[in-house]
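Asks: Under numbering that gives the first Met the number 0, read the sequence shown as residues 0 to 344, first letter to last. Virtual Cβ for every residue (Gly too), placed ideally from N, Cα, C. Here the structure is a predicted model, which is why all the values come from computation and not from measurement.
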Amino acid sequence: MSIMTFQIQAQNKSADSKTLPRVIILATGGTIAGAGESSTKAAYTAGKIPIDDLLNAVPQIHERASIKGEQLAKIGSQDMSIEVWLKLSKRINEIFKNNEADAVVVTHGTDTQEETAYFLDLTVQSDKPVVIVGAMRPSTAMSQDGNRNLLDAVTIAADPKSQGRGVVAAMNELIFDGRDVTKTNTTGLATFQSRNFGPIGLFYDGKVSYYYTSTRNPKEKFDVTKLTTLPRVDIVYGYADASPTAINAVVNDGTKGIVYAGMGNGNFNEAVGKALAEASKKGVSVCRAARAGSGRVTLENEVDDKGLGFVVSDDLNPQKARILLMLALTKTNDREKIQQLFFEY
Ligand code: SIN
């Protein structure tokens, strides 16, 4: 996919743009750029509005930062891909390396926003702020939330307090750690939550307040400079009386890793356990995660993880565990080392 670039120079009436932090907004599509036929009906198409129109709709952002916009993709985030993730991460690293900006904001669909947030958190090699933002209502809707969220995201990105926090997600006047944030409601405005630890900060009346800092922000990030793809990792969902068919299918199809979204503390029935153990013996990395939505999957409690060659996701949900496992597999196949990454990243 080619990068279409649109640059908007700020028309800053109230402040000298030279003294303002420089923020580049990388647009990828999503509902924040969505348009519908009616302001009151829910139907719309994601990713239709180009970045220059999005920026023109929120002139106040030019009072907070010197803004440039780039259209990196124009997709609903259900179509987010490893290709776009790599492109996004490489572009952000390039921006900071070349000192093109002091902070980056990524506009994104909410469906996979949490995955992109964690991918960038693990691969952006800079302490400068990266804020990911979306909207639940399209730009044409009555009481749309995108303009407000975008203004908040730019303000958060431009705030020096946002330095060194890894990627954060700004939605609905809350600030979340990119590692921990998850979408919890299909259509509600207050969909984003960090189920285990809550938001790290609040945004209100133009002011950014941080309350917590994640300890999971390791200095050593994954280097994606030379990568053109990632090792394949599949997620298989656990349920009562599950058959091993899905596990055997992805193994036969050449997967390098399986995240098993297990029941309770990452549990599985006998047939699934046998299939996972066989997959592990064949060299497929197996990670036990949980479908429960919060809490940790604990090592060596109910399951002989070491004996079976499994790792556990700790508190990462299955879709985030997949991101870390794909990146881990670019460096090592060693079970102990991969487990350590799950305890540190
Ligand atoms: C998408 O993820 O692109 C569609 C849904 C949304 O942005 O809220």
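Between which two residues does the alpha helix (DSSP H) containing tyrosine 117 stretch?
Replies: Counting along the chain, the alpha helix (DSSP H) containing tyrosine 117 begins and ends at 112–122.
Asks: So, helix, strand or coil for aspartate 151, using DSSP?
Replies: Looking at aspartate 151 - three-state DSSP - the assignment turns out to be helix.
Asks: Using only the alpha-carbon positions, how far apart do leucine 298 and leucine 307 sit?
Replies: Each residue's alpha carbon lies about 12 angstroms from the other.
Asks: So is methionine 170 buried or exposed if we call it buried at 16+ other beta carbons inside 10 Å?
Replies: With 16 or more Cβ atoms within 10 Å of its Cβ, methionine 170 is classed as buried.
Asks: Shortest alpha-carbon distance to isoleucine 31 belongs to which of Ala248, Ala56, Ala289 and Leu119?
Replies: Residue Ala56 is the option with its Cα nearest to isoleucine 31.
Asks: Looking at the structure shown, is aspartate 313 part of a helix, part of a strand, or coil, going by DSSP?
Replies: Three-state DSSP puts aspartate 313 in a strand.
Asks: Three-state secondary structure (DSSP) at alanine 100?
Replies: Alanine 100: coil per DSSP, three-state reduction.
Asks: Pair every Cβ in the region 257–264 with every Cβ in the region 228–242, then say whether three or more of these pairs are closer than 8 angstroms.
Replies: At 8 angstroms Cβ cutoff, the stretches touch.
Asks: Could you give the first and the last residue of the continuous alpha helix (DSSP H) run that contains serine 279?
Replies: That run of the alpha helix (DSSP H) goes 269–280.
Asks: Are the beta-carbon atoms belonging to glycine 75 and glycine 35 less than 8 angstroms from one another?
Replies: Result no, Cβ atoms of glycine 75 and glycine 35 do not sit closer than 8 angstroms.
Asks: I'd like the span of the beta strand (DSSP E) that includes glutamine 339, first residue to last.
Replies: Premise fails: glutamine 339 lies in the alpha helix (DSSP H), 334–343, not in any beta strand (DSSP E).
Asks: Indicate the three-state DSSP secondary structure (helix, strand or coil) for lysine 73 in the structure shown.
Replies: The answer is strand: DSSP assigns lysine 73 an E or B state.
Asks: Between the Cα of phenylalanine 95 and those of Ser37, Ser125, Asp110 and Ala64, spot the shortest distance and give me the residue it belongs to.
Replies: Checking every option, the nearest Cα to that of phenylalanine 95 belongs to Ser125.
Asks: Taking the alpha carbon of alanine 116 as the reference point, which residue from Ala72, Lys160, Lys182 and Thr139 has its own alpha carbon closest?
Replies: With distances taken between Cα atoms, alanine 116 lies closest to Lys182.
Asks: Mind checking who arginine 287 pairs with in its DSSP beta bridge?
Replies: Note: arginine 287 sits in a beta bridge opposite Tyr259 and Val311.
Asks: Nearest by alpha-carbon distance to threonine 190: which of Gly163, Asp144 and Glu219 is it?
Replies: Selected option, being the one with the closest Cα: Asp144.
Asks: Assign glutamate 415 to one of two classes, buried (16 or more other C-beta atoms within 10 Å of its C-beta) or exposed (fewer than that).
Replies: In the structure displayed, the chain extends from 0 to 344; residue 415 sits before or after that span and is not available.
Asks: Run through DSSP, which three-state label would leucine 19 get?
Replies: Of the three classes helix, strand and coil, the one that applies to leucine 19 here is coil, per DSSP.
Asks: Go through its chain and collect everything with a Cβ distance to aspartate 314's Cβ below 6 angstroms, but skip five positions before and after it.
Replies: Asn195 and Arg295, listed in sequence order.
Asks: Just to confirm, are glutamate 114 and lysine 319 a CB contact at a threshold of 8 angstroms?
Replies: Contact: yes.
Asks: Indicate whether the contact test is met: 3 or more Cβ pairs, each with one atom in the region 197–214 and one in the region 247–256, closer than 8 angstroms.
Replies: No: the two stretches stay apart, fewer than three of their Cβ pairs being nearer than 8 angstroms.
Asks: Pick from Asn268, Ser284, Gln112 and Leu19: whose alpha carbon is nearest that of methionine 325?
Replies: Considering only alpha carbons, the answer is Ser284.
Asks: Once you ignore the five residues that flank isoleucine 257 on each side, which residues in its own chain have a CB closer than 8 angstroms to its CB?
Replies: Result list for isoleucine 257: Val232, Asp233, Ile234, Val235, Ile246, Val249, Val250, Leu275, Ala278, Val283, Ser284, Val285 and Cys286, in chain order.
Asks: Confirm the yes/no value for this check: CB of alanine 64, any heavy atom of ligand 1, distance under 7 angstroms.
Replies: Alanine 64: no, Cβ never under 7 angstroms from ligand 1.
Asks: Which of helix, strand or coil does DSSP assign to alanine 168?
Replies: Correct three-state label for alanine 168: strand.
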